[in-house]
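Asker: One structure is given below, represented as structure tokens, and several questions about it will come after.
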Amino acid sequence: MTTIRYFIPEDGDDEMHPNVFLAPKARQPGVPPTLLAIKDAFPLPGHYHFRFKSPLFPGADREKGAMAVWMDVTQDQQPVPTWKNSIVAKVTRLSMEEDDDDDDD
């Protein structure tokens, strides 16, 4: 299992006091889980947008004083970025609906 730290700013959460959940490890060793694996394991109902903490330059998070950016991941099969060997997500709630893909017009 992989530990995912996350916070939802709209709920009053902050990065210094994150929530935590477990997601399955990626199928390939040394590769982070995909966005789809994170979405499937996310513990709250609803539809969310995920941003992941990432170094400004690949590998720069190993340097002291490294600068972080928030990367939007939109492709479900894409591995999520990591920051200092961990996964940190800033999550935005788009809807409370569990599945908003139904078009029952």
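Going by the working numbering, the sequence shown opens with residue 2, and the numbers climb by one from there. Backbone N, C-alpha and C define an ideal beta-carbon position, used for all residues, glycine too.
Taking the straight line between their C-alpha atoms, what separation do you get for F58 and P44?
Answerer: Counted from its first residue, the sequence shown places residue 58 at position 57. Counted from its first residue, the sequence shown places residue 44 at position 43. Between F58 and P44, the C-alpha separation is close to 31 Å.
Asker: With DSSP collapsed to three states, give me the class of P80.
Answerer: Position 79 of the sequence shown, counting from 1, holds the residue named residue 80. Looking at P80 - three-state DSSP - the assignment turns out to be strand.
Asker: When the Cα atoms are used, what is the spatial distance from R28 to P34?
Answerer: The count along the sequence shown starts at 1 and reaches residue 28 at position 27. The count along the sequence shown starts at 1 and reaches residue 34 at position 33. Those two C-alpha atoms are separated by around 8 Å.
Asker: Please name the residue, chosen from M17, D62, F8 and R63, that lies closest to Y49 on a Cα-to-Cα basis.
Answerer: Here residue 49 is taken as the residue at index 48 of the sequence shown, counted from 1. When each option's Cα is compared against that of Y49, the closest is F8.
Asker: Have a look at M97 and E64 and give me their C-alpha separation to the nearest angstrom.
Answerer: Start at 1 with the first residue of the sequence shown, and residue 97 comes out as number 96. Start at 1 with the first residue of the sequence shown, and residue 64 comes out as number 63. Taking the straight line joining both Cα atoms gives about 39 Å.
Asker: By the 10 Å Cβ neighbour count, where 16 or more other Cβ atoms means buried, how is K91 classified, buried or exposed?
Answerer: Taking the first residue of the sequence shown as position 1, residue 91 is located at position 90. Looking at its Cβ environment, which holds 16 or more other Cβ atoms inside 10 Å, K91 is buried.
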